[in-house]
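Colleague: I'd like to ask some things about the structure below.
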Amino acid sequence: MNGITRIVMNSFDHPITPSERPAVDGNFFNNIGAYKKLRGIVYGQLDPTSVHNSIITDLYLALCNRNGMIEYLMDFYSLKPINQSRGNHKIFFEVNNRGQKLFNKFAQVLGGNKPTTANDVKQAYTIVWSGWNPSITSTGDPNLLRIYLPIAKNIDSTSITDPVYQYIVFDNPTSTSYMNSYDTNSIDTRTGFAATRYFVSFLRSKRYDNPLAEDITRVISWNLSQPARYMNDFLWLGFNQDTQEKQVFDGIFNWIGAGNGIGLNYRFAQLKRTECNRQNHLYPEATFPFTYTILHDPLTGKIDGRNARSGSLMHSNLRDNDPSDLSSVRYYLISGTRHSDPSQPNTREICQQFGRTIDPNPILRALFVALDQ
60 MNGITRIVMN SFDHPITPSE RPAVDGNFFN NIGAYKKLRG IVYGQLDPTS VHNSIITDLY
120 LALCNRNGMI EYLMDFYSLK PINQSRGNHK IFFEVNNRGQ KLFNKFAQVL GGNKPTTAND
180 VKQAYTIVWS GWNPSITSTG DPNLLRIYLP IAKNIDSTSI TDPVYQYIVF DNPTSTSYMN
240 SYDTNSIDTR TGFAATRYFV SFLRSKRYDN PLAEDITRVI SWNLSQPARY MNDFLWLGFN
300 QDTQEKQVFD GIFNWIGAGN GIGLNYRFAQ LKRTECNRQN HLYPEATFPF TYTILHDPLT
360 GKIDGRNARS GSLMHSNLRD NDPSDLSSVR YYLISGTRHS DPSQPNTREI CQQFGRTIDP
420 NPILRALFVA LDQ
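Whatever position you read off the sequence shown (first residue = 1), add 59 for our numbering.
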C-alpha cells in the first residue's frame, strides 16, 4: 500500500501515559468542550515506481522492503476536541520549524513544544503537527518532531560519495578550526514532502484507523519562516495533489517565507542552512522560481512559477517589475515587525537602534480566519 500503513499511539520510542490525555487544562470553550492530546508515530511507505513520487531525487537508490516499497516513520502530535462533533471539522496544520511547534506564539498560549494550556482555541480547529526533517538535533526534548528515513546507497550497495559545499565564516580575527568528518551515507531527505502529503491525505480519509475519520472537511497549513519555504517547494513540486488526484491542503498561510524554497529535494541536503547577509550563500534556497505567477528567468531561460504544478519578494519578477497577481493568492505587508519575537520596549539587543516591539500575531490570527472563510 502506497501511503500511511499504521499509526501507533505513544509508541515505545516516545512513551507517555495515557495516549489520549486531556489538553488545555481540560477547560471548556464555548460549546466546544474540552480538548485532548494525541501523540505517537506514523508509519508509512511509498512506491519508488509511482509517477506521483518520480520527482523525488535519488528515490530509486533508497532501501526497499521485500514488497519493493520504501518505508519511513515520523512523529505526530495533535490537539482535538474530545467530542469531535463540536469541533469545526477543520485542521490547523502547522509545519514544524526545525522540529519545534510555534503555535504557542501564534495563538498566544503556553506549553511551547508540549502544548497543555490554551486561551485561543475557541475557533474549534483540530491542530496537527508531524515530522518532516530528519536532521533535527537531539536536545533531550522528547516533544521535538522528526522523520526517520532510509539511507540512499548506490545500486551496488556502496555508500554514495560526492563533493559537498560548505560555507564557513570566522567571526573573530583569529579562530581555531577543527577537522570534521562527514558521514558518507545520504539520508533520503526528499521523502519528507511525500510523507506530509500522505499523512494529510490519510487524516482526510474514512479509514478505520484514522483518529479523525469522517470528521475533517478542510485542511489549512500555517507556516512560519523555514516551514513557509518548505511549503513553497511542496506546492511547486506538485505534492499538493495526492495519489488519488485529490487536493491535499485547501489553503496555505505562509509568514516570513518570501519566494524562497527549502533545498530539500537535493542529494546531501543541508536543511539547517538559511541564507543570510554573511552566511550560507549559494545554498539552494533563494532559487528560481520566486513567485506564484509564471515567470521567465533571463539567466537560465526557464519558465516556471510556484503554482506551475497545481525573497526576491513574491510580488516582483526577475526584471524588477510587478507581475500580474493570481486570484487565489493574497499578499499582506505588516510594517514594523521582526523575523523573530518582538523586542522588549527600550532595548537595542545587538542593534544600534531600539528594537521593534510590534507583535504581528493578532493580525495573523485574523488573516488565518479570513483565509478559512
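Think of the CB as a built atom: it goes at the ideal place given N, C-alpha and C, for glycine as much as any other residue.
#1: Here's the rule I'm using: 16 or more other beta-carbon atoms within 10 Å means buried, otherwise exposed. How should Ala-429 be labelled?
#2: Within 10 Å of its beta-carbon, does Ser-394 have 16 or more other beta-carbons around it, so buried, or fewer, so exposed?
#3: Under a three-way DSSP split, which group does Ile-393 fall into?
#4: What are the residues that DSSP puts in a beta bridge with Trp-314?
#5: Val-259 lies in the alpha helix (DSSP H); which residues open and close that run?
#6: Go ahead and label Ala-425 buried or exposed: buried means 16 or more other beta carbons lie within 10 angstroms of its beta carbon, across all protein chains shown.
#7: Distance, Cα to Cα, Arg-125 vs Thr-416?
#8: Can you tell me which of the three DSSP states Arg-145 falls into?
#9: Which residues in the same chain as Lys-149 place their Cβ atom closer than 6 Å to its Cβ, once the five residues preceding and following it in sequence are excluded?
#10: Return the residue from the list Asn-231, Ile-115 and Leu-423 that minimises the CA-CA distance to Gln-167.
#11: How is Ala-328 classed by DSSP in three states: helix, strand or coil?
#12: Would you say Tyr-257 and Gly-92 are within 7 Å of each other, going by their C-beta atoms?
#13: How big is the Cα-Cα spacing for Gly-190 and Ala-287?
#14: Check the C-beta distance from Ile-275 over to Phe-312 and give it rounded, since I have them as a contact under 8 Å.
#15: First and last residue of the alpha helix (DSSP H) that includes Asp-431?
#16: Once the 5 residues before and after Arg-397 are set aside, which same chain residues still bring their CB inside 6 Å of it?
#17: Once DSSP output is grouped into helix, strand and coil, what is the label at Val-110?
#18: Do Leu-132 and Tyr-207 have their C-beta atoms closer together than 7 Å?
#19: Since Phe-162 is in the beta strand (DSSP E), which residue starts that stretch and which ends it?
#20: Short of 8 Å in beta carbon distance, which residues of its chain neighbour Asn-291, apart from the five on each side in sequence? Order them along the chain.
#21: Using only CA atoms, which one of Ser-109, Ile-129 and Val-101 lies nearest to Ser-137?
#22: Which two residues bound the contiguous beta strand (DSSP E) that contains Asp-134?
#23: Based on Cα-Cα distance, which residue from Gly-360, Ile-114, Phe-427 and Asp-418 lies nearest to Gly-251?
#24: How many whole angstroms separate the CB atoms of Leu-283 and Leu-161, which I take to be in contact at a CB cut-off of 8 Å?
#25: Are the CB atoms of Ala-211 and Leu-271 within a distance shorter than 7 Å?
Modeller: Quick look at the numbers:
#1: exposed
#2: exposed
#3: coil
#4: Leu-283
#5: 250-262
#6: exposed
#7: 57 Å
#8: helix
#9: Tyr-184 and Arg-277
#10: Leu-423
#11: coil
#12: no
#13: 15 Å
#14: So it is not a contact: roughly 17 Å between Cβ atoms.
#15: 420-431
#16: Arg-415
#17: helix
#18: yes
#19: Taken as a continuous stretch (DSSP letters only), Phe-162 belongs to no beta strand (DSSP E), being part of the alpha helix (DSSP H) at 162-166.
#20: Asn-313, Gly-316, Gly-318, Asn-319, Gly-320, Ile-321 and Arg-365
#21: Val-101
#22: 129-140
#23: Ile-114
#24: 5 Å
#25: no
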